[in-house]
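Asks:
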Amino acid sequence: MVPVRGAVSFAYKQASEQTRFDTVFQMCGQAWAPFCALIDVIVEVFMKRVLSRMLVASGLLLGASAFSTTSFAADGAAGPAKPDAAKGGQLFDQGDASRGIIACASCHGAAGNSTIPVNPNLAAQPHEYLVKQLTNFQVKQGAKLPLRNGPGGNPTPMTAMAQNLTPADMQNIALYLAQQPLKEPATAGHEKLVELGQKIWRGGLPERNVPACAACHSANGAGIPGQYPRLSGQFPMYIEEQLKLFRSGDRANDVMHAVADRMSDADIKAVADYAAGLR
Ligand code: HEC
Ligand code: HEC
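What follows is the structure, given as structure tokens:
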């Protein structure tokens, strides 16, 4: 199963937006049945969201409706309960077919230790940070796009994955993941980039007002609870891609936009590789 998922992730990354679904469906015609059941659910959730947006746009949905409750799953009426890591772990491992929630572990690995570089490691990330990201992947009612998009403002796979999570689900999953150890951290891959990467990490680029990454992500890259994510042990290509998304604004965040906006592709590549290799 793992090599299959790897191949699909790779194909997904390579393909243009228009050909992605086609590619996946061609593969579904072959011997990929178990994976394709998963894809079916993704497409279903995705279509539900598109449909709900079309309905809203065409004015058919004035006022509250049953549809908006399924699309934007409601929080419990009783107010915020204490997060429950065991429930979070269960949802992460198994998903919830009745609510169109796919098992997160199928992409992010057991206990958030991913084996596929396009799917980030989630183990040992700060609780609050994870909750914020899951919230930012959702399309809020009345908004055209989520705060966190892929390149060119296109949806990331997470747009569909996060859409049906309630605030309580997010709290539970985030608490579970924050408690999991990062068992097989990714490593840096380019010795030649160390010098520049280390310089940016420790001292920033003063001539361009780029601050030292260590100031917010901590000297060893482990992050700072709760809003500063861990970068050490994350996949270098994921870190690189996120810095470019902050720079383009496709991933909305004022602080990181200001940081990335002043960095070249070469700066980004070097610091991404260095950060991944920190321990
Ligand atoms: C089909 C594969 C897939 C599934 C299933 C999936 N994810 Fe993701 N997830 C991704 C990808 C790809 C990204 C990177 C998105 C990006 O680059 O914007 C990601 C990113 C994330 C992030 C952001 C991490 C960070 O460091 O900022 C969180 C949090 C997350 N996923 C949680 C979940 C949860 C919780 C579930 C289950 C409800 C889930 N994912 C299911 C593929 C998946
Ligand atoms: C002033 C504080 C601050 C500084 C300095 C800073 N960051 Fe960040 N960084 C943040 C915050 C806050 C977030 C979370 C953004 C969000 O909520 O989406 C973040 C997120 C990130 C992410 C996304 C991680 C993920 O899992 O998706 C990357 C990558 C990153 N920063 C890299 C860097 C690098 C490299 C530098 C140095 C060039 C740097 N940051 C400097 C505050 C900072």
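When we follow this note's numbering, the leftmost residue of the sequence shown carries the number 1345, and every step to the right adds one.
Every residue gets a Cβ at the ideal spot worked out from N, C-alpha and C, and that includes glycine.
On a predicted model such as this, the values are computed, not experimentally measured, just so you know.
Figure out for me which residue from L1489, E1584, S1442, T1531 has the closest Cα to the Cα of G1621.
Replies: Per the Cα distances, T1531.
Asks: With DSSP run on the structure shown, which of helix, strand or coil describes M1609?
Replies: The question names Met, but residue 1609 is Asp in the sequence shown. Here D1609 sits in helix by DSSP.
Asks: In whole angstroms, give me the CA-to-CA distance for W1545 and P1464.
Replies: Roughly 20 angstroms separates the two Cα atoms.
Asks: Using a Cβ-Cβ cutoff of less than 7 angstroms, which residues in the same chain neighbour P1580 once the five nearest sequence positions on both sides are dropped?
Replies: Correct list, in chain order: A1530, A1532, G1533, A1616, D1617, A1620.
Asks: If you count every other CB in all the chains shown that lies within 10 Å of the CB of N1553, and 16 or more means buried, which is it?
Replies: Per the 10 Å Cβ criterion, exposed.
Asks: Would you tell me roughly how many angstroms separate the C-alpha atoms of A1429 and L1435, rounded to the nearest one?
Replies: Roughly 10 angstroms between the two C-alpha positions.
Asks: My output table needs one value for L1540: the three-state DSSP class, helix, strand or coil.
Replies: Looking at L1540 - three-state DSSP - the assignment turns out to be helix.
Asks: Identify the residues that DSSP records as bridge partners of V1554: which are they?
Replies: Per DSSP, L1549.
Asks: Would you call the CB atoms of L1526 and A1468 closer than 8 angstroms?
Replies: In contact: L1526 and A1468 (Cβ atoms closer than 8 angstroms).
Asks: Taking only the alpha-carbon atoms, compute the straight-line gap between P1427 and A1522 and give it to the nearest angstrom.
Replies: Each residue's alpha carbon lies about 12 angstroms from the other.
Asks: Take the Cβ of D1598 as the centre, count every other Cβ of all protein chains shown within 10 Å, and call the residue buried at 16 or more, exposed below.
Replies: Exposed is the call here.
Asks: By a C-beta neighbour count over all protein chains shown, 10 Å radius and 16 as the cutoff for buried, is A1408 buried or exposed?
Replies: Reliability fails at A1408, whose pLDDT of 35 lies under 50, so the model's placement of it is uncertain and the value that follows must be treated cautiously. By the neighbour-count rule (16 or more Cβ atoms within 10 Å), A1408 is not buried but exposed.
Asks: Let's see if you can read the secondary structure: which residues bound the alpha helix (DSSP H) around D1428?
Replies: Counting along the chain, D1428 falls outside any alpha helix (DSSP H), and DSSP gives it neither H nor E.
Asks: If distances are taken between C-alpha atoms only, which option among K1536, T1459, M1514, A1487 comes closest to G1439?
Replies: The candidate whose alpha carbon is nearest that of G1439 is M1514.
Asks: Per DSSP, D1440 forms a beta bridge with which residues?
Replies: DSSP, once it has assigned bridges, lists I1445 as partnering D1440.
Asks: Return the chain-ordered list of same chain residues with a C-beta closer than 7 angstroms to the C-beta of K1588, the five sequence neighbours on each side being excluded.
Replies: Counting only Cβ-Cβ distances below 7 angstroms, and skipping sequence neighbours, we find I1612.
Asks: Nearest to Y1473 by CA position, among P1573, S1592, M1607, K1488, is which residue?
Replies: Ranking the options by Cα distance to Y1473, first place goes to P1573.
Asks: How about Q1482 and A1504: are their beta carbons less than 8 angstroms apart?
Replies: No, the Cβ-Cβ distance between Q1482 and A1504 is not below 8 angstroms.
Asks: Indicate the three-state DSSP secondary structure (helix, strand or coil) for R1623 in the structure shown.
Replies: Three-state result, R1623: coil.
Asks: Hey, quick one: how far does the alpha helix (DSSP H) through Q1477 stretch, first residue to last?
Replies: Start and end: 1471-1481.
Asks: For G1432, tell me which candidate among D1609, Q1524, T1459 has the shortest Cα-Cα distance.
Replies: Among D1609, Q1524, T1459, the Cα nearest to that of G1432 is on Q1524.
Asks: Would you decide whether R1591 is buried or exposed? Buried here means 16 or more other CB atoms lie within 10 Å of its CB.
Replies: By the neighbour-count rule (16 or more Cβ atoms within 10 Å), R1591 is buried.
Asks: Can you determine whether any heavy atom of ligand 1 sits closer than 7 angstroms to the C-beta of P1501, and answer yes or no?
Replies: P1501 Cβ: within cutoff of ligand 1.
Asks: Quick check: the Cα distance between L1478 and S1450, rounded to an integer number of angstroms?
Replies: Cα to Cα, L1478 sits roughly 17 angstroms from S1450.
Asks: Rounded to whole angstroms, what is the Cα-Cα separation between G1609 and P1424?
Replies: The displayed chain sequence assigns Asp, not Gly, to residue 1609. Computed Cα separation, rounded: 42 angstroms.
Asks: When DSSP labels each residue in this structure, what does R1591 get in the three-state scheme?
Replies: Three-state result, R1591: helix.
Asks: Keeping to the same chain, check which residues put their C-beta closer than 6 angstroms to that of Q1586; ignore five residues upstream and five downstream.
Replies: Cβ neighbours of Q1586 beyond the five flanking positions: none.
Asks: Alpha carbons only, please: which of P1461, L1466, M1502, V1462 is nearest the one belonging to N1480?
Replies: Here the closest residue by C-alpha is M1502.
Asks: Just checking my contact of A1563 with S1576 at CB under 8 angstroms: how many whole Å lie between their CB atoms?
Replies: Rounded, the Cβ-Cβ distance is 10 angstroms, inconsistent with contact.
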